[in-house]
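The structure appears right after this line, and notes come after that.
Dropping the structure here:
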């Protein structure tokens with residue numbers, strides 16, 4: 001049986017899966033971008049997406065913040081190669097966040113509901129480690145107790161606790177932005 005990480009690598013490497021699952025046409029791109037950027041500082045200089053896939057959102061973030069340097073991180077080198085072609089203005093990497101320069105904003109969409117809790121917490125801690133003082137963390141997740149091979153939903157209070165433990169402050173939740181199932185957490189360094 002494949003590990004969960006190997007499973008995600010294998011399915012995201014399949015072009016048909018990418019076409020059918022990476023971007024949901026029923027979820028408004030503009031509403032998603034508004035939800036992502038709601039807590040961003042006025043003029044962020046560096047912005048990072050955790051789990052960027054082929055760069056659909058990094059490209060749009062780069063268009064909105066033309067003065068910012070945009071970074072995308074993902075576990076799949078094959079997907080990142082496609083991202084480099086799709087969004088040549090973004091710097092992509094598949095390593096740990098700690099190797100990146102300091103960020104003013106870090107966000108993640110449609111990723112945390114698929115990560116085991118240990119990985120969720122690790123990404124929050126790593127984001128805190130690369131965040132500039134006053135920087136904003138914005139993570140979309142799904143609340144609940146579903147926990148199977150593909151879905152790892154989480155209690156909102158657990159997400160708040162992990163952000164607090166990582167040294168974030170001003171932690172807030174928004175529910176239902178861009179998609180009725182989505183919860184967004186904002187935390188400031």
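Residue numbers (full-length UniProt numbering): 1 to 189. Even for Gly, the Cβ is constructed at its ideal location relative to N, Cα and C. Model, not experiment: these values are computed from the prediction.
State yes or no: is the beta carbon of residue i nearer than 8 Å to at least one beta carbon in chain D?
i          : result
residue 32 : Among the protein chains of the structure shown there is no chain D, as only one such chain exists.
So, are the CB atoms of residue i and residue j less than 8 Å apart?
i           : j           : result
residue 111 : residue 90  : no
residue 185 : residue 160 : yes
residue 45  : residue 133 : no
residue 94  : residue 75  : yes
residue 60  : residue 43  : no
residue 113 : residue 142 : yes
residue 109 : residue 32  : yes
residue 58  : residue 87  : yes
Could you round the C-beta distance between residue i and residue j to whole angstroms and report it? I think they count as a contact, below 8 Å.
i           : j          : result
residue 178 : residue 27 : 6 Å
residue 80  : residue 92 : 5 Å
On the DSSP bridge assignment, give the partners of residue i in chain order.
i           : result
residue 33  : Paired residues: none, contrary to the question.
residue 159 : Paired residue(s): none; residue 159 is not in a bridge.
residue 136 : 105, 188
Measure the C-alpha to C-alpha separation of residue i and residue j and round it to an integer number of angstroms.
i           : j           : result
residue 173 : residue 124 : 15 Å
residue 163 : residue 187 : 7 Å
residue 37  : residue 83  : 21 Å
residue 126 : residue 54  : 22 Å
residue 176 : residue 183 : 6 Å
residue 100 : residue 119 : 18 Å
residue 29  : residue 47  : 18 Å
residue 131 : residue 41  : 12 Å
residue 215 : residue 144 : In the structure displayed, the chain extends from 1 to 189; residue 215 sits before or after that span and is not available.
residue 117 : residue 170 : 22 Å
residue 135 : residue 156 : 21 Å
residue 102 : residue 148 : 34 Å
residue 64  : residue 96  : 26 Å
residue 62  : residue 168 : 25 Å
Could you name the residues of the same chain whose beta carbon sits closer than 6 Å to that of residue i, not counting the 5 residues immediately before and after it, in chain order?
i           : result
residue 263 : Residue 263 lies beyond the residue range present for the chain, which begins at 1 and ends at 189; the question has no answer from this structure.
residue 166 : 124, 125, 128
residue 121 : 162
residue 19  : Unreliable positioning characterises residue 19 in this predicted model, as indicated by a pLDDT of 49, which lies under 50. The coordinate reading is nonetheless provided below. Hits under 6 Å: none found.
Note down, in chain order, each residue of its chain lying with its Cβ closer than 7 Å to the Cβ of residue i, except the 5 sequence neighbours on either side.
i           : result
residue 146 : 153
residue 150 : 114
residue 72  : 49, 52, 55, 58, 83, 90, 92
Could you tell me if the beta carbon of residue i falls within a distance shorter than 7 Å of some heavy atom in the ligand MG?
i          : result
residue 79 : Inclusion of the ligand MG in the displayed structure is not the case, the ligand content being empty and no account of it being possible.
Going along the chain, which residues of its own chain have a beta-carbon closer than 8 Å to the beta-carbon of residue i, five neighbours each way excluded?
i          : result
residue 34 : 177, 178
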